[in-house]
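Each remark here refers to the structure printed beneath this line.
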Amino acid sequence: MTSTTPSISQSHEQLGITGMTCAACARRVEKAVKKLPGVSQANVNFASEKLAVDYDATLLPPERIRAAVSEAGYGVVEAAKPGQVVIPIGGMTCAACASRIEKILLRQEGVEKASVNYANEKATVTYNRDQISLADIRLAIERGGYQALSAESGVDADRARKEKEIQSLWSRFSVAALFAIPLLYLAMGSMVWWLPFPIPALLDPMRYPLNYALVQLILVLPVIYVGRRFYSVGFRALLALSPNMDSLIAIGTAAAFIWSLYETVQIVFGYLPEVEGLYFESAGVIIALILLGKTLEAISKGRTSEAIKKMMGLAPRTAIIIKDGKEKEIAIDEVVVGDVLRVRPGDKIPVDGSVVEGETAVDESLLTGESMPVEKKSGDKLYAATINKFGTVTFRAERVGQETALAQIIRLVEEAQNSKAPIAKLADIVSGIFVPVVCLIALGAAVAWFLATGDIRFALSIFIAVLIIACPCALGLATPTAIMVGTGKGAENGILIKSGEALETARKVKVVVLDKTGTITEGNPALTDLVPAPGITKEELLRLTASAEKGSEHPLGEAIVRQAGVDGITLAAPEDFKALPGRGIEAKVGGKLVQIGNALLMSNLSVDVKILGDTVEKLAEEGKTAMYVAIDRKAGGVVAVADVVKPSSAAAIRELHRQGMEVAMLTGDNLRTANAIARQVGIDHVLAEVLPQDKSEQIKKLQVGGRIVAMVGDGINDAPALVQADVGIAIGSGADVAMESADIVLMHSDLLDVSTAIQLSRSTIRNIKQNLFWAFIYNTLGIPVAAGVLHLFGGPLLNPILAAAAMSLSSVSVLTNALRLKRFQPHQA
Amino acid sequence: MKRSYFILLLAILVIAAVLAFRPPDSLVRALGVTDVTAIYAKSSFTTLLSLLPGEDLPGGEGWYLTAPDGAAKFSWTSQPTTPAADCILRVSAAPFLAVGLDPARLASDTWQDGELVFQLPPNPPESASRQGGPAASFAEIIDSHRDKLAYHFQLGHYGVEVKNGNLLEWAAKPESNGLDLVFALDPQALFQAGVDRDKPVEGWILGSIFVHDASGRRIEVEKYLKPFNLI
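First to last, the protein sequences are chains A and B.
All residue numbers for the first sequence refer to my numbering, where the first residue is 1 and numbers rise by one.
All residue numbers for the second sequence refer to my numbering, where the first residue is 1001 and numbers rise by one.
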């Protein structure tokens, strides 16, 4: 799969890489790409099998990157190009059918190229979208008497590729096992007294040693054939002086095989004792076990990226386009900006755009976490994969393909999954030097044992066992798998973690700084208090005030009008509306003069407000904005408006405290209001009246002494602080700038997700450490045992077959542990 | 890989296993070329005869080898059509009588004139020619009793089991083997016939060796061994 994000000259590209078997392979690809001129960064994620590369497009054509990967011995997975589609075909019975379909396709106007593969039953069609649609191509195939099955989307293709890989590995393992089991039985069966089956007399090594050796040779050859990739990749890497896990397997099993072949020749020449020096079963069973490990690994690796696949699967595959007044269903890939599309109730919105006609309500919980459907009318934005609940709407496509909000979120998560956490560097360094060091240890141990015992067979078994137990594939999986599951789990919970580094740093946060407006509070002022003067009812006060404010565009006025609407009060049309800058407003409502404003306005109007006592002061103490209302120049009451605290803010801050973090509030608002809010939610430190440009300075001050600080904000004014903080967390559907500046994006406007993100970070890093432990323990304990250190003191040796089983088990245990993260549940106070 | 290929491979393996367990004669004959044990056992027996020449049996019925201490003999026939046995192992019973052997408790065909006698019945007498002297006759006997021949890894010996675990073994490479000729008796029948296992038998060593049992399993068994170095 490939994707490219170009800028002026700096380009970013993600390529799917095939053929990697261990962390050393990933390093090899990285090295090969980093050597290219113009490459500023190259990261390979072994678990997701993706290369992320930043490069200067003026210096380096993208083909060079692909070529470098190929030269290193690995493959690049290409996605279908725009205007190209792969259609699975049903109903073909022979090669002539394939040729016929090609002809049919090439006859269609707009089809530039068509190639039908009878073996895999797929047609690859390159076509001009302006001349022919995918639907027409499919129709042409159907008319020809064949079935055009569902075309593969990017997700399907990726899934199909993974499934094919698993199937191929499974097949290879099945064949290997089919031959390795009788091979093992034949080789070891005579020593296992409790096995129920006899050894055929014709294969008894004491009577027919050559038959015994030749049958083993015949049984091991298919196993080596199905495991030939280990040799082609392993020896190529060895020749390039960059040995990898395959090199270890290749050297170990090739040594066993070649030695056994030599022993077989010796038997032919009458050296019958050499029958005891056969290691065919070691070579065969090791390959079978490693193929089993690789199969289980591939299955588990697929599961680590399930979250992203789920997200990708959210987008619909087709859209209804309106052309020449007619509706037509087309593939989602065919939608271009400017197309007019129709969405019926219950359908998913196919791409991002704006409503042209109709009204509806859309479930946008996918993007915002808000479960209530959002009303949409002409001009309102629609987002891909959100669900149209009620009405039929027509909208114009504005962002398609990789530009939709959903695609950007997916890209964000994918990039995070492919980025490396600092902890991964340890595994990288170790796996980089591990293989050559292991080769030396194996050779050294074998030579030492040969010199000590003079027994070349014993030395050979030591050599093979060390090489096989030391395969560092578990080490290569330890970090990326946990990060993939961790970031995927975050995405499922509406937490987009943009990099492995952010994921790792978040667990160390000591101070969480929260922006006030929109973060702790709703960000929209609401009417909180209505205190009528004697003789006036609350409803009357609200009706008059809201009617007067109806003409106002001030957020405080809008809050009052909104509340009246909620209460079902019918408002009158205001007359002679006037905004009185710095003081308030006035308007006539039903013949009454209504004036709303501060004490200065009341003083200017000579309205006696003593009757209202100290209500205004008290409300101001609580952080509310209180205004006097005069009706016909007499005190009518007080209305107070405040930005209310989100329902979950206090609980979120309690949870952060429970986790041992200090919580500070950073706001440009006045100290009194800030303190009032801080009291409500339990903030430890208040940093009020801070100008946007000074916010990052405040963060720097908190960072003194090496304290790790997280900043949580939602606005453009928070961007410098988000960048300055060790972990910047953008909350809710905030400004794009905040999202860009942040390390973590919380899609839901819920402060509880801050603690969830930190808990997820802690769980993921704990999981990585466990994985590294499991990966290292097998190698650190296994290598000395395999090298015969215990045997020196009368202890056991490690049979090469057991070494292979242990090695496969280490990868499986690491992956199983990483998958445990899928059960992550945040603790919430 | 398609399931059908897998099933085909499985079927091939099953057929191969059946053939291995119940090989038709044609297969056994065809596998003669790979029977390195028989090939090299015959040549090494020729070498043995050069170190310890076989003597003629009375009436030209065959040949025999006598242990350097004279306490054991191994004979083989030159008469394919009328022999009582293809091979006979004769051992002086005196040392065993000294440690409690009761001849009456032995199988009737085992005791003969103060000797323990173990005979390999002829098989099949009509197919052999035995025209070429002691080595060639012995080679023909091996061919007709292939299941009685084995290679003994522990000592680097070929061995012919004459009867009930009683063997004659000779070194595959006498030049590098300190035990060129070994007479081996199964002690269990002797113990049952009164031999006291705790008492040493003059001229014999009670030791353990590895053999493969009828089902092909490697097992450790006791033997009375009479080894000789001929070089």
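Glycine is no exception: its CB is placed at the ideal position from the N, C-alpha and C atoms.
Quick caveat: nothing in here was measured; it's all calculated off a predicted structure.
Only those residues of the segment 797 to 828 of chain A whose C-beta falls short of 7 Å from the nearest C-beta of chain B would be listed, and there are none. Taken in chain order, the members of the segment 1009 to 1021 of chain B whose beta-carbon sits within less than 8 Å of a beta-carbon on chain A are LEU1009, LEU1010, LEU1013, ALA1017, ALA1020 and PHE1021. Runs of alpha helix (DSSP H) with 4 or more residues, each lying fully within the segment 276 to 303 of chain A, are absent. Neighbours of B/ALA1172 in chain A, taken as residues whose beta carbon is under 7 Å from its own, are LEU272 in chain order.
Here the segment 475 to 489 of chain A does not lie against the segment 271 to 283 of chain A, with fewer than 3 beta-carbon pairs under 8 Å apart.
Using a CB distance cut-off of 7 Å, A/ARG207 counts as an interface residue toward chain B. Contact holds between the segment 350 to 358 of chain A and the segment 389 to 400 of chain A, because three or more Cβ pairs, one in each stretch, are under 8 Å apart. The residues ALA559, ILE560, GLN563 and VAL641, in chain order, have a CB closer than 6 Å to that of A/LEU527 in the same chain once the five nearest residues on each side in sequence are set aside.
Contact check for B/LEU1149 against B/ALA1184 fails: the beta carbons are separated by 7 Å or more. B/PHE1006 is positioned such that its CB atom lies no closer than 7 Å to that of A/PRO200.
A/GLY353 and A/ASP339 have their C-alpha atoms spaced approximately 10 Å apart.
In this structure, DSSP gives A/SER606 a state outside helix and strand, which the three-state scheme calls coil. Closer than 7 Å to the CB of A/ASN117 there is not a single CB belonging to chain B. Contact between A/LYS510 and A/MET661 holds, since their C-beta atoms are separated by about 6 Å, short of 8 Å. Residue state for A/ARG507 is assigned as coil, using DSSP reduced to three classes.
A/THR816 carries a helical assignment under DSSP once its states are collapsed to helix, strand and coil. For the C-beta of A/MET191, the chain B residues within less than 7 Å are, from N- to C-terminus, ARG1218. Interface annotation, B/SER1215: in contact with chain A, CB-CB separation under 7 Å. The secondary-structure analysis by DSSP pairs A/MET627 across a beta bridge with A/VAL639.
Per the DSSP secondary-structure output, A/PRO88 pairs in a beta bridge with A/LYS122. Using a 10 angstroms sphere on the CB of A/MET92, the tally of other CB atoms reaches 16 or more, which defines it as buried. Nearest to A/ARG64 by alpha-carbon distance, out of A/THR517, A/LEU412, A/LEU790 and A/PRO37, is A/PRO37. Restricting attention to alpha helix (DSSP H) runs no shorter than 4 residues, the segment 688 to 742 of chain A encloses them at 695 to 703, 719 to 724 and 736 to 741, ordered along the chain.
Our two residues, A/VAL437 and A/THR124, have alpha carbons roughly 47 Å apart in a direct line. For chain A, the residues of the segment 1027 to 1053 of chain B that bring a beta carbon within less than 7 Å of one of its beta carbons are LEU1031, THR1034, ASP1035, VAL1036, THR1037 and TYR1040, in chain order.
Residues of chain A whose Cβ lies closer than 9 Å to the Cβ of B/LEU1149 are, in chain order, ARG207. DSSP, read as helix, strand or coil, puts B/ALA1098 in coil. Within the model, the alpha-carbon separation for A/GLU102 versus A/ILE137 is close to 11 Å. For the options A/GLY302, A/VAL33 and A/LEU798, the alpha carbon positioned closest to that of A/ASP56 is the one of A/VAL33. Taking every protein chain shown into account, the CB of B/TYR1040 has 16 or more other CB atoms within 10 angstroms, so this residue is buried. Sequence-distant partners of A/GLU549 (beyond 5 residues in either direction) whose C-beta falls short of 6 Å from its own C-beta, in its chain, are GLY557, ILE560 and VAL561. Contact between the segment 713 to 733 of chain A and the segment 517 to 526 of chain A is present: 3 or more CB-CB pairs across the two stretches fall below 8 Å. The DSSP assignment places 1025 to 1030 and 1036 to 1051 as complete runs of the alpha helix (DSSP H) inside the segment 1004 to 1061 of chain B, in order along the chain (cut-off: 4 residues). Taking a beta-carbon distance threshold of 7 Å, B/PHE1006 counts as an interface residue toward chain A. Going by C-alpha positions, A/VAL607 is about 25 Å away from A/GLU553. Contact check for B/ALA1135 and B/PHE1210: beta-carbon distance about 28 Å, past the 8 Å limit, so the pair fails to qualify.
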